[in-house]
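S.K.: For the record, the sequence lines run as chains A and B.
Numbering follows the numbering used here, with no gaps: position 358 of the first sequence is 374.
Numbering follows the numbering used here, with no gaps: position 123 of the second sequence is 139.
Cβ atoms here follow ideal geometry from the backbone N, Cα and C, with glycine treated the same way.
On a predicted model such as this, the values are computed, not experimentally measured, just so you know.
Structure in structure tokens, see below.
There are 2 protein chains.
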Amino acid sequence: MTDPFASTRRMFHIPDGVIYLDGNSLGPLPKAASARVAKTIEAEWGEMLIKGWNLAGWMDWPTRIGDRIGRLIGAAPGSVVMGDTLSIKVYQALASALELNPDRRVVLSDNGNFPTDLYMAQGLLTSLGKGYELKVVDPEDVEGSIDETVAAMMITEVDYRTGRLHDMKRLTQKAHSVGAIAIWDLAHSAGAIPVDLTGSDADFAVGCTYKYLNGGPGAPAFIYVAPKHADAVRPALSGWIGHESPFAFDLDYRPAKGVERMRVGTPPIVALAALDAALDAWDGVTMEAVRTRSIGLSERFIREVEARCPELELASPRDPQARGSQVSFRFHEGYAGMQALIAKGVIGDFRAPDIMRFGFTPLYLSEDDVVRAAEILGEIMRDRLWDTPEHKTRSKVT
Amino acid sequence: MTDPFASTRRMFHIPDGVIYLDGNSLGPLPKAASARVAKTIEAEWGEMLIKGWNLAGWMDWPTRIGDRIGRLIGAAPGSVVMGDTLSIKVYQALASALELNPDRRVVLSDNGNFPTDLYMAQGLLTSLGKGYELKVVDPEDVEGSIDETVAAMMITEVDYRTGRLHDMKRLTQKAHSVGAIAIWDLAHSAGAIPVDLTGSDADFAVGCTYKYLNGGPGAPAFIYVAPKHADAVRPALSGWIGHESPFAFDLDYRPAKGVERMRVGTPPIVALAALDAALDAWDGVTMEAVRTRSIGLSERFIREVEARCPELELASPRDPQARGSQVSFRFHEGYAGMQALIAKGVIGDFRAPDIMRFGFTPLYLSEDDVVRAAEILGEIMRDRLWDTPEHKTRSKVT
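Listed below in structure tokens is the structure:
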């Protein structure tokens with residue numbers, strides 16, 4: 017049987033001796049990115065100068081690249097646009113959602129959401145005043161907490177710590193049944209699992225591109241607005257590039273048609289060039305094939321680790337259908353354990369207080385990699401290689 | 017006499033046959049940028065992977081680079097931070113400013129402000145409700161309109177169309193005398209003219225880096241918060257990277273110390289690498305020397321153009337001390353005139369309805385360039401070379 021991912025694996029640079037299980041935090045370098053960025057810098061910025069906005073089509077990149085991502089998340093062409101960071105996109109989505117439900121005051125989220133989503137909501141709701149409330153429940157209590165007080169439900173589909181997967185379709189349906197708006201954060205979904213925004217009837221979705229989409233450190237984010245809302249929502253962050261006619265330089269804001277109103281400032285062209293190159297790796301694959309392989313890799317990893325490391329406790333759902341494309345284990349010295357593993361070339365990451373986290377990314381990860389990683393983790397646990405002062409010393413960014 | 021800018025000129029790539037008078041819109045390519053970006057992509061992202069956040073110091077780039085810009089705008093170390101776009105930074109500054117003046121409801125600006133500043137204010141004030149009002153007056157009426165109803169004055173120092181310069185120190189003083197907060201947009205100031213945020217006692221300042229600072233298309237923006245406010249302001253865009261302890265993953269937001277609370281999402285590392293390289297050109301020059309040369313170049317240009325082109329009317333202040341580092345002329349067929357000029361290798365730009373705009377950037381522009389540009393403009397006017405259907409056809413981005 018031929019390996020459908022043999023050709024994608026060759027598209028990535030993985031340093032010698034490294035097994036990279038942290039593509040859920042920062043995807044590795046797509047080999048094409050450097051040349052693509054150099055072309056944008058030298059042949060476009062360097063030679064076209066200001067004319068690059070027309071000649072190189074820079075101004076259209078946020079929608080063109082948005083459509084490339086749209087294909088991976090079940091979004092219709094013209095419903096996704098790139099720009100800013102995920103935090104900003106969360107703010108945009110929530111601000112617009114609340115205005116679609118002006119008589120309600122509750123934003124529902126859960127404590128498995130990534131903190132920046134909660135922080136951005138806190139910032140927005142404090143600015144709005146007017147009695148708004150952010151209600152943060154346990155993940156398993158989300159469904160039962162959706163009631164007619166809820167203006168917007170704001171949920172990250174895959175828990176960044178455990179990989180636990182929410183049921184997008186069911187929760188969205190429940191939200192709609194009581195008149196609430198559904199906002200989905202796809203940070204650990206886009207490029208990780210099949211997502212069907214259209215079929216799930218999601219109202220808004222946001223995501224970053226530096227994880228499973230391999231766009232590079234701090235790569236631009238995306239936002240999806242359901243076509244039924246796109247011409248109705250008022251952008252709270254009403255910047256000139258989201259204006260109906262940016263180069264008319266009118267004094268008054270008029271939103272652009274559709275999702276383009278969610279554009280804000282001048283698009284980050286150099287960063288978009290890297291992302292555009294990274295997306296080439298997805299051209300020949302389906303998210304269904306990625307999912308099948310991801311489950312195969314993660315199941316094998318769990319089996320191999322559990323056979324070797326009784327100290328570790330699976331923190332992710334055991335049912336592969338109930339988790340995203342990552343596996344986490346709890347270990348009382350998780351930080352030191354991960355440092356020891358990294359020192360041996362197996363890169364995962366640590367999330368407080370005790371989670372060792374591993375991402376599974378079929379585009380560039382083979383079954384051999386996964387087995388070898390488990391073997392090394394087994395040696396570390398068996399020989400207590402984590403138990404050194406060096407491995408226990410925390411760095412600034414973990 | 018030696019030319020103090022001979023060495024900086026060699027640091028930029030200007031295509032053969034081009035005289036670039038549009039550095040006030042998009043600065044040209046600093047030769048060092050491509051290699052610097054390639055290093056960040058290949059040696060840092062490619063080899064360090066997630067460890068780049070520590071090993072390459074990525075997480076500190078927004079403050080380190082902020083300090084490099086701070087030196088050019090009279091800001092103390094630790095008072096400027098990079099990220100997002102100028103539009104977002106305007107929103108942040110205004111939202112924070114309004115909370116410093118909770119009992120007032122007027123935001124004062126002028127119709128010479130760049131539209132995105134007004135749009136972002138409109139978006140924010142609509143979200144806030146509560147009777148907020150954006151008062152937009154003529155530029156010459158700003159000073160007289162500063163009264164005790166004004167919560168915040170939000171002004172762009174240099175008019176993007178005419179180059180007219182506001183008096184930062186006087187207006188800020190007037191604002192403070194009635195208890196208003198002063199926000200300055202330095203889009204056409206940073207790297208263009210000497211700016212003294214500290215001496216002017218400005219409360220907030222924001223700016224982009226793709227114009228006079230040559231950071232590349234869509235390069236990250238900056239925000240300055242006066243040290244006296246920095247630990248007091250509440251960030252409306254409260255993202256995880258502006259949290260006191262981002263990697264503690266707390267559920268509640270607590271602002272970071274000082275200006276770092278104005279950071280929002282994950283920093284755009286590839287774009288920051290290009291900007292960092294671009295800033296090297298400023299290391300050996302003072303803004304006073306840049307200003308002296310800029311005035312010399314623009315005065316010469318005005319003289320040469322007016323001697324040749326009676327059709328053109330100076331739209332910029334005639335007094336060089338009253339304008340930034342650009343010169344604009346009105347011409348009834350300004351769009352076609354600029355297209356004809358660009359076709360002959362002299363790149364400026366057009367701003368509706370009738371402005372031909374020229375930026376003066378001593379780092380890479382010589383007096384010979386300026387004289388030659390005026391000669392070519394003179395030929396175009398004399399021979400009516402602008403009067404063709406081709407030059408009159410508008411492109412999407414002008």
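Just the C-alpha distance for Val280/B and Thr188/B, rounded to the nearest angstrom, thanks.
M.R.: Counting from one through the second sequence, the residue named residue 280/B turns up at place 264. Counting from one through the second sequence, the residue named residue 188/B turns up at place 172. C-alpha separation (whole angstroms): 27 Å.
S.K.: Inspect the beta-carbon positions of Val194/A and Ile162/A and report whether they are closer than 8 Å.
M.R.: Against the first sequence, residue 194/A aligns to sequence position 178. Against the first sequence, residue 162/A aligns to sequence position 146. Yes, Cβ-Cβ distance for Val194/A and Ile162/A is below 8 Å.
S.K.: Return the chain-ordered list of same chain residues with a C-beta closer than 6 Å to the C-beta of Glu349/B, the five sequence neighbours on each side being excluded.
M.R.: Locating residue 349/B in the second sequence gives position 333, counting from the first residue. Excluding positions up to five away in sequence, the list reads Trp402.
S.K.: Residues bridged to Thr132/A by DSSP?
M.R.: Here residue 132/A refers to the residue found at position 116 of the first sequence. According to DSSP, Thr132/A bridges with nothing at all.
S.K.: Extract the residue ranges of the alpha helix (DSSP H) inside the stretch 199-285 of chain A, only unbroken runs of 4 or more that lie entirely within it.
M.R.: Listed in chain order, the complete alpha helix (DSSP H) runs (minimum 4 residues) inside the stretch 199-285 of chain A are 213-216 and 243-246.
S.K.: Consult DSSP for Pro20/B and reduce its assignment to one of helix, strand or coil.
M.R.: Here residue 20/B corresponds to residue number 4 of the second sequence, with the count starting at 1. Looking at Pro20/B - three-state DSSP - the assignment turns out to be coil, as it is neither helix nor strand.
S.K.: Which partner residues does Gly364/A have in the DSSP bridge list?
M.R.: Translated into the one-based positions of the first sequence, residue 364/A becomes position 348. Answer is none; Gly364/A lacks a bridge partner.
S.K.: Name the residue from Ile285/B, Gln337/B and Arg346/B whose alpha carbon lies nearest to the alpha carbon of Ala421/B.
M.R.: Because chain B is modelled from 17 through 414, residue 421/B falls outside the range shown and cannot be assessed.
S.K.: Taking Cβ-Cβ distances shorter than 7 Å, what residues in chain A pair up with His29/B?
M.R.: Taking the second sequence and counting its residues from 1, the one referred to as residue 29/B is at position 13. The contacting residues are Gly62.
S.K.: Is Ala109/B close to chain A, meaning its C-beta is less than 8 Å from at least one C-beta of that chain?
M.R.: On the second sequence, position 93 is the one that residue 109/B refers to. No, its Cβ sits nowhere closer than 8 Å to a Cβ of chain A.
S.K.: Would you call the CB atoms of Val275/B and Gly94/B closer than 8 Å?
M.R.: In the second sequence, residue 275/B corresponds to position 259, counting from 1. In the second sequence, residue 94/B corresponds to position 78, counting from 1. Going by C-beta atoms, Val275/B is nearer than 8 Å to Gly94/B.
S.K.: Mapping DSSP to helix, strand and coil, what is His192/A?
M.R.: For this step, residue 192/A is matched to residue 176 along the first sequence. Helix, per DSSP.
S.K.: Starting from Gln138/B, find everything on chain A with Cβ-Cβ shorter than 9 Å and list it in chain order.
M.R.: Your numbering for residue 138/B matches position 122 in the second sequence. Result: Ser254, Asp268 and Tyr269.
S.K.: Classify Leu267/A as buried or exposed, calling it buried when 16 or more other Cβ atoms lie within 10 Å of its own Cβ.
M.R.: In the first sequence, residue 267/A corresponds to position 251, counting from 1. Leu267/A is exposed by the Cβ-count criterion.
S.K.: Does the beta-carbon of Ala22/A have 16 or more other beta-carbons within 10 angstroms, so that it is buried, or is it exposed?
M.R.: Numbered from 1 along the first sequence, position 6 holds the residue referred to as residue 22/A. Its Cβ having fewer than 16 others within 10 Å, Ala22/A is exposed.
S.K.: Check whether chain B comes within 8 Å of His182/A, counting only Cβ atoms and requiring the distance to be less than that.
M.R.: In the first sequence, counting from the first residue as 1, residue 182/A sits at position 166. Not an interface residue.
S.K.: Within the same chain, show all residues whose beta-carbon is closer than 6 Å to that of Arg367/B, passing over the 5 residues directly before and after it, in chain order.
M.R.: Position 351 of the second sequence holds residue 367/B. The residues are Arg177 and Arg373.
S.K.: What are the start and end residues of the beta strand (DSSP E) that includes Arg346/B?
M.R.: Working through the second sequence from its first residue, we reach residue 346/B at position 330. Start and end: Gln342 to Arg346.
S.K.: Taking only three categories from DSSP, how would you classify Ala331/A?
M.R.: Your numbering for residue 331/A matches position 315 in the first sequence. Coil.
S.K.: Quick check on Pro118/A - is its C-beta less than 8 Å from some C-beta in chain B?
M.R.: As a position in the first sequence, residue 118/A is number 102, starting the count at 1. With 8 Å as the cut-off, Pro118/A does not count as an interface residue toward chain B.
S.K.: For Lys146/A, does the three-state DSSP call read helix, strand or coil?
M.R.: Sequence index remark: in the first sequence, residue 146/A carries index 130 (1-based). Note: Lys146/A maps to coil in three-state DSSP.
S.K.: Are there three or more Cβ pairs, one per stretch, closer than 8 Å when the stretch 105-117 of chain A is compared with the stretch 216-230 of chain B?
M.R.: With the cut-off at 8 Å, the stretch 105-117 of chain A and the stretch 216-230 of chain B do not touch.
S.K.: Using the DSSP secondary-structure output, state which residues sit across from Pro46/B in a beta bridge.
M.R.: As a first step, residue 46/B must be located in the second sequence, where it is residue number 30. For Pro46/B, which the question treats as bridged, DSSP gives the partners Phe28/B.
S.K.: Quick check on Thr414/A: does DSSP put it in helix, strand or coil?
M.R.: By one-based count along the first sequence, residue 414/A stands at place 398. Residue placement at Thr414/A is poorly supported in this model, since its pLDDT is 48, which falls under 50; the coordinates still yield a value, given next. Coil at Thr414/A, not helix or strand.
S.K.: At a Cβ threshold of 8 Å, is Glu58/A touching chain B?
M.R.: In the first sequence, residue 58/A corresponds to position 42, counting from 1. At least one chain B Cβ lies under 8 Å of Glu58/A.
S.K.: Could you compute how far the alpha carbon of Glu383/A sits from the alpha carbon of Gln342/A?
M.R.: Indexing the first sequence from 1 puts residue 383/A at position 367. Indexing the first sequence from 1 puts residue 342/A at position 326. Taking the straight line from one Cα to the other gives about 15 Å.
S.K.: Please report the distance separating the alpha-carbon of Glu60/A from that of Gly139/B.
M.R.: Counting from 1 along the first sequence, the entry for residue 60/A is found at position 44. Counting from 1 along the second sequence, the entry for residue 139/B is found at position 123. Each residue's Cα considered, the two are about 33 Å apart.
S.K.: With DSSP as the reference, identify every bridge partner of Ala168/A, one or two as the case may be.
M.R.: Stepping through the first sequence from its first residue, residue 168/A is reached at position 152. For Ala168/A, which the question treats as bridged, DSSP gives the partners Val123/A and Ile197/A.
S.K.: Select from the stretch 34-49 of chain A all residues with a C-beta closer than 8 Å to any C-beta belonging to chain B, and list them in chain order.
M.R.: So the close ones are Val34, Tyr36, Asp38, Ser41, Leu42, Pro44, Leu45 and Ala49.
S.K.: Report the residues of the stretch 351-378 of chain A with a CB closer than 8 Å to any CB of chain B, ordered along the chain.
M.R.: Per Cβ criterion, the list reads Ile358, Ile363, Asp365, Arg367 and Ala368.
S.K.: I need the DSSP call for Tyr176/A, collapsed to helix, strand or coil.
M.R.: Looking up residue 176/A in the first sequence gives position 160. Here Tyr176/A sits in coil by DSSP.
S.K.: Do the stretch 47-62 of chain B and the stretch 392-409 of chain B meet, that is, are 3 or more Cβ pairs less than 8 Å apart?
M.R.: These segments do not touch.
S.K.: Distance check for Ile104/A and Glu304/A, CA to CA, integer angstroms please.
M.R.: Along the first sequence, one-based indexing puts residue 304/A at 288. Along the first sequence, one-based indexing puts residue 104/A at 88. The alpha-carbon atoms of Glu304/A and Ile104/A are separated by roughly 30 Å.
S.K.: Under three-state DSSP, which class holds Phe374/A?
M.R.: On the first sequence, residue 374/A is found 358 positions in, with the first residue counted as 1. Correct three-state label for Phe374/A: strand.
S.K.: Shorter than 8 Å from the beta carbon of Leu381/A to some beta carbon of chain B?
M.R.: For the purposes of this step, residue 381/A is taken as residue 365 along the first sequence, with counting starting at 1. Answer no: the Cβ-Cβ gap between Leu381/A and chain B never drops below 8 Å.
S.K.: Given that a residue counts as buried once 16 or more other Cβ atoms are within 10 Å of its Cβ, and exposed if not, what is Met385/B?
M.R.: For the purposes of this step, residue 385/B is taken as residue 369 along the second sequence, with counting starting at 1. The question names Met, but residue 385/B is Asp in the sequence shown. Buried, because 16 or more other Cβ atoms sit within 10 Å of the Cβ of Asp385/B.
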